[in-house]
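Take a look at the structure below.
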Amino acid sequence: MPTQLQEDFTEFANEQNKVASLARMGKGLGISPDEPEMSREMLAIIQILHDHIADTTLRAVLEADIRPILKPKDESAISMLDVVTLGLTEPDQIKRYLKNYGVNLDEPNDLAYAIGVMTEAIKYFNKHIKENKINELSTPTEEGIYHLFRTAAGKGKRMMTPDACALLRIMAVIDFINKNPLLSILPREREPGTPNKGYVLEALREKLSSRIKKEGKKNIFYSTGGEAGDTGIELIRVELRIKERDRVIAKLLHKPGNKEEAVLDHIGARITTRTPQDAIKIIHEMFFHPRNAIFPDINIRVGQSKNKIINIAILRSATQGDPKAIESFMTAIAEETIDHEELTTIEDVPDQHNGHSSRKYRAIHITVDIPIRTDHGIILFPIELQFLDIQSRITNEQEASHEGYVARQMDAVSKRLLSSNLLSEFTKERKDGKKKATALSS
């Protein structure tokens, strides 16, 4: 027999499901779920202004000042992934919904694809969110898909609602990765003897190897590839990086827009130099030198590039207003030492701060689109190159470990996946109701 709590939840879920399509439309138009409450506050304050301030000009000025404070709005922080309920409970509704995603459950191939996506989502959930806690929802079949949607809409066990919503969100991101022209080109090693088409990592390796030569145990960067007179710069370490699929899923899940721009560091390289000066010289040679560059500087995604090593004021003052200043700057930094007290850390560039990164992280990141040959022609694929000196690397490893970054990110992912669902909203409404009742009785 259902408890009163379960009956109240069912009633709440039914009410929310009735207006689910309108709520989703609001999300799609960039309307924050908190906006109606803020609007009521705004109306109350406007009424007070009208009642107590006769000067209409002053009233208008005050109202204009108050509006932005009460209604902060950031559309980029609103995501369709965070809708409370889809309101879909019947198989025909669910089928029509999935058709909009290009998945027809009446087609065997599409059904197999959907089951594969659900299977991967279950494995991801059990591995990263809750260890083996969703056995009731772990049935990757057509009926299992319907059951998942129904549970997310409050038609199953109440306490399973957040898990069902989380699974649907993970499935949506996996489907996005599979169908995105860039993210679906997962980097991998090509088999010996096969043509180099579409293999991003191999293309990056070939570009770097044209300038970086192995000499014994040392990696040497040559501006010209080793021509006479090119003395080279010794590199401490060169690492090619591939973001594993689970990490791509995590990054898309914790970014509001869940778009490919969120994983621009999907593939790339990390180059460690002896000094910050060496890092700057190599960046100049790789991207900007009129004769020696190997990457197209016009394709640099400037908004995604980050300088967390060299104090930008030093570079700006050295290069401002003089056509030859960049060469002079290169000469100067080759001869002078910049103390590490002068290096920029992320604390000096707050606009570039990633909430999951340590505030001690130091590196220069450059994201650039490089041309990749595929079976469908040449495409541009974003790669991220990281440059750091050995002292910054030591600092990063001691105070800004990658493991710490991943742990903070996964905490944020779990919180997002398990929030904004019918159970969380029902619980919130009950708490608000109790607070109001307490306030009225006191």
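If you count by the working numbering, then the sequence shown holds residues 767 to 1208, one letter each, in order.
Just so it is clear, CB atoms sit at the ideal spot from N, CA and C, and this is done for glycine as well.
Q) Should E1107 go down as buried or exposed, given a rule of 16 or more other Cβ atoms within 10 Å for buried? A) Here residue 1107 is taken as the residue at index 341 of the sequence shown, counted from 1. A caution first: E1107 carries a pLDDT of 34, below 50, which makes its placement in the model unreliable, though a value can still be read off. So E1107 ends up on the exposed side.
Q.
Once DSSP output is grouped into helix, strand and coil, what is the label at L1188?
A. Counted from its first residue, the sequence shown places residue 1188 at position 422. Of the three classes helix, strand and coil, the one that applies to L1188 here is helix, per DSSP.
Q.
Restricting to Cα atoms, I'd like to know which of G922, R935, K980 and P1137 is closest to A969.
A. Locating residue 969 in the sequence shown gives position 203, where the first residue counts as 1. Of G922, R935, K980 and P1137, the residue nearest in Cα terms is P1137.
**Q.** I1015 versus N944: straight-line alpha-carbon distance, rounded
**A.** Looking up residue 1015 in the sequence shown gives position 249. Looking up residue 944 in the sequence shown gives position 178. Approximately 11 Å between the Cα atoms of the pair.
Q) Are the beta-carbon atoms of D1135 and N1058 separated by less than 7 Å? A) Here residue 1135 refers to the residue found at position 369 when the sequence shown is read from its first residue. Here residue 1058 refers to the residue found at position 292 when the sequence shown is read from its first residue. Not closer than 7 Å, so no.
(Q) Using C-beta distances below 7 Å, list every residue in its chain close to I895, excluding the 5 sequence neighbours before and after it, in chain order. (A) Along the sequence shown, read from residue 1 onward, the residue named residue 895 stands at position 129. So the list reads A932, S1180 and L1183, once near-sequence residues are dropped.
Q) Once you ignore the five residues that flank K861 on each side, which residues in its own chain have a CB closer than 8 Å to its CB? A) Taking the first residue of the sequence shown as 1, we reach residue 861 at position 95. Shown here for K861: same chain residues with a beta carbon closer than 8 Å to its own, the five before and five after excluded, namely N870, L871 and D872 in chain order.
Q: Determine the closest residue to P729 out of R924, L852 and A1178, with distance taken between C-alpha atoms.
A: With the chain represented from 767 up to 1208, any question about residue 729 goes unanswered, as that position is not in the structure.
Q: Could you name each continuous alpha helix (DSSP H) segment of 4 residues or more that falls completely within the segment 851-923, going from the start of the chain to the end?
A: Under the rule that a run must span 4 or more residues, the alpha helix (DSSP H) segments found entirely inside the segment 851-923 read 857-865, 874-890 and 908-918.
(Q) If the criterion is Cβ atoms closer than 7 Å, does the pair A1129 and Q1152 meet it? (A) Start at 1 with the first residue of the sequence shown, and residue 1129 comes out as number 363. Start at 1 with the first residue of the sequence shown, and residue 1152 comes out as number 386. Closer than 7 Å, so yes.
Q. Can you name, in chain order, every residue of its own chain whose Cβ lies under 7 Å from the Cβ of R1040, other than the five neighbours on each side?
A. Walking along the sequence shown from the start, residue 1040 turns up at place 274. So the qualifying residues of the chain are E1000, I1002, D1155 and I1156.
Q. Would H1050 count as contacting chain B if we go by Cβ distances under 7 Å?
A. The question asks about chain B, but that chain is absent: this structure has only one protein chain.
Q. Since P1148 is in the beta strand (DSSP E), which residue starts that stretch and which ends it?
A. Stepping through the sequence shown from its first residue, residue 1148 is reached at position 382. P1148 -> beta strand (DSSP E) spans G1143 to D1155.
(Q) Between which residues of its own chain and L903 is the CB-CB distance below 8 Å, once the five residues before and five after are set aside? (A) Looking up residue 903 in the sequence shown gives position 137. Counting only Cβ-Cβ distances below 8 Å, and skipping sequence neighbours, we find I888, G910, H913, L914, T917, M926, D929, A930 and L933.
Q) From I978, V1004 and V850, pick the residue whose C-alpha is nearest to that of A779; which is it? A) The residue labelled residue 779 in the question sits at position 13 within the sequence shown. Comparing Cα positions, the closest option is V850.
Q.
Can you tell me whether Q772 is buried or exposed? The criterion is at least 16 other CB atoms within 10 Å of its CB, across all chains shown.
A. For the purposes of this step, residue 772 is taken as residue 6 along the sequence shown, with counting starting at 1. It counts as exposed.
Q) Since D941 is in the beta strand (DSSP E), which residue starts that stretch and which ends it? A) By one-based count along the sequence shown, residue 941 stands at place 175. Unbroken run through D941 is the alpha helix (DSSP H), T927 to K945; no beta strand (DSSP E).
Q: Starting from the Cα of E1150, find the closest Cα among H1020, R1007 and K1194 and give me that residue.
A: Here residue 1150 corresponds to residue number 384 of the sequence shown, with the count starting at 1. Nearest C-alpha to E1150: R1007.
Q.
For V966 and I1033, which I take to be in contact (beta-carbon distance under 8 Å), what is that distance rounded to the nearest angstrom?
A. Taking the sequence shown and counting its residues from 1, the one referred to as residue 966 is at position 200. Taking the sequence shown and counting its residues from 1, the one referred to as residue 1033 is at position 267. The C-beta distance from V966 to I1033 rounds to 5 Å, short enough to fall under 8 Å.
Q. In chain order, what residues of the same chain have a beta carbon less than 8 Å from the beta carbon of V883, not counting five sequence neighbours either side?
A. In the sequence shown, counting from the first residue as 1, residue 883 sits at position 117. If we look at V883 and ignore the five residues flanking it on each side, its Cβ neighbours are M937, I940, D941 and N944.
**Q.** Inter-residue spacing [alpha-carbon to alpha-carbon] between L1189 and L847
**A.** Translated into positions along the sequence shown, residue 1189 becomes position 423. Translated into positions along the sequence shown, residue 847 becomes position 81. Each residue's Cα considered, the two are about 16 Å apart.
Q | Unbroken alpha helix (DSSP H) run spanning E972, endpoints | A | Indexing the sequence shown from 1 puts residue 972 at position 206. Boundaries of the alpha helix (DSSP H) harbouring E972: V966 to S975, taken from the DSSP string.
Q: Could you check what DSSP says for D1135 in three-state terms: helix, strand or coil?
A: In the sequence shown, counting from the first residue as 1, residue 1135 sits at position 369. In the structure shown, D1135 sits in a strand (DSSP, three-state: E or B).
Q) When the Cα of P874 is compared with those of E908, E856 and A1178, which residue comes out closest? A) Taking the first residue of the sequence shown as 1, we reach residue 874 at position 108. Nearest C-alpha to P874: E908.
(Q) What does the alpha-carbon distance come out to for the pair L854 and L949? (A) Here the question's residue 854 lines up with position 88 in the sequence shown. Here the question's residue 949 lines up with position 183 in the sequence shown. Their Cα atoms are separated by approximately 29 Å.
Q: Within 10 angstroms of the Cβ of K1194, are there 16 or more other Cβ atoms? Answer buried if so, exposed if not.
A: Position 428 of the sequence shown, counted from the start, is the residue given in the question as residue 1194. Exposed is the label assigned to K1194, since fewer than 16 other Cβ atoms lie within 10 Å of its Cβ.
Q: Determine the extent of the alpha helix (DSSP H) in which V1014 is found, giving its start and end residues.
A: For the purposes of this step, residue 1014 is taken as residue 248 along the sequence shown, with counting starting at 1. Where V1014 is concerned, the enclosing alpha helix (DSSP H) stretches over R1011 to H1020.
Q | Secondary structure of G998, DSSP reduced to three states | A | Position 232 of the sequence shown, counted from the start, is the residue given in the question as residue 998. Coil, per DSSP.
Q. Would you report the Cα separation of T1161 and M791, rounded to the nearest angstrom?
A. Here residue 1161 refers to the residue found at position 395 when the sequence shown is read from its first residue. Here residue 791 refers to the residue found at position 25 when the sequence shown is read from its first residue. Approximately 47 Å, taken between the alpha carbons.
**Q.** Neighbour-count burial assignment, Q751, 16 or more Cβ in a 10 Å radius
**A.** Nothing can be reported for residue 751, as the shown portion of the chain is limited to 767 through 1208.
Q | Helix, strand or coil at K984 according to DSSP, with G and I counted as helix | A | Taking the first residue of the sequence shown as position 1, residue 984 is located at position 218. It is a strand residue.
Q: Could you tell me if P1148 is buried or exposed, where buried requires 16 or more neighbouring beta carbons within 10 angstroms of its beta carbon?
A: Start at 1 with the first residue of the sequence shown, and residue 1148 comes out as number 382. So P1148 ends up on the buried side.
Q: May I ask you to list the residues that DSSP assigns as paired with L1006?
A: Within the sequence shown, the letter at position 240 stands for residue 1006. Within the DSSP bridge table, the entry for L1006 names A1035 as partners.
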